[in-house]
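Below is one structure, written out as structure tokens; the observations come after it.
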Amino acid sequence: MSLPQIDKSTIDIQPFNWRGVTRRFMNPGELEVLLALAGSVQPLGVVEFGVNEGRTAKAILDAFPGIRTYQGIDVLPGYVTTKSVQRGEVPQRPGYLARRDKRFDLVLRANGSLDLGVGDLLACDVAFIDGDHGRVAVEHDTALARQIVRPGGIIIWHDYHDLGTVDVREVLDEFHAAGADIVHVADTWLAFERIPFQSVAA
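Just so we're aligned: the sequence shown equals residues 43 to 244 in this note's numbering.
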């Protein structure tokens, strides 16, 4: 069962200045959609699973000066991703583009988020899941996100597509079939789930 879709026109997307910013890992228009989704919850805290070189972290931190904490999680050099398509994506300089922002905290582990538990992470309003796209990692990162995102917050996943190279679509479709209210933004590889206010976050 594929996820229900919403059109990008229903999201308050603002222009983004790409000058000096790499477009690697994002399709046209996706960073703008990501920023709009993050902004819809007026975030004070963000956790990014798979921060890579910090491009997205810097964009979010620049866009929302009210953010107080931003944890960017990644692996140490030498990590071997579950999916072969990601083998060239292991960063050699994790988080370096956001390192000068005092709100940014780089969390590195040999196996990235797989080495972390809820106690290692701060409560947040936005969790962006874009790390290892194998089933185990996607399920693990989602479980962590659902425990740390505050009521009224949002979880956003990247790489929801049907190319068959990663497990994100399969896992999210299964979550949806089991009752999760996850939505795909049409013409992007982004999907999201809003955490209702009656939920209890860690």
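Note that beta-carbon positions come from the ideal geometry of N, C-alpha and C, so glycine has one too.
If you draw a straight line from the Cα of residue 57 to the Cα of residue 70, it comes to about 12 Å. The DSSP-derived three-state label of residue 190 is helix. Counting the other Cβ atoms within 10 Å of the Cβ of residue 84 gives fewer than 16, which makes it exposed. Per DSSP, residue 81 is not a residue of any beta strand (DSSP E); the alpha helix (DSSP H) it occupies stretches across 72-81. At a Cβ-Cβ threshold of 8 Å, residue 226 and residue 47 count as neighbours.
Counting of Cβ neighbours within 10 angstroms places residue 159 among the exposed residues, the total staying below 16.
DSSP places residue 179 in the helix class (H, G or I) of the three-state scheme. Under the DSSP assignment, residue 151 falls in the beta strand (DSSP E) whose first and last residues are 146-151. Take the alpha-carbon of residue 96 and the one of residue 240: they are about 33 Å apart. Pairing residue 106 with residue 211, the inter-Cα distance amounts to about 29 Å. A distance below 8 Å separates the beta carbons of residue 179 and residue 155. In the displayed model, residue 207 falls within coil according to three-state DSSP, outside both helix and strand. In the DSSP assignment, residue 233 falls within the beta strand (DSSP E) that extends over 233-236. Counting along the chain, residue 102 sits inside the alpha helix (DSSP H) bounded by residues 97-105.
With a 10 Å radius around the Cβ and a threshold of 16 neighbouring Cβ atoms, residue 100 comes out buried.
In this structure residue 123 is not in contact with residue 49, their Cβ atoms being roughly 32 Å apart against a cut-off of 8 Å. C-alpha of residue 230 to C-alpha of residue 86: approximately 25 Å in a straight line. Boundaries for residue 229: no beta strand (DSSP E) harbours it, and the DSSP string shows neither H nor E there.
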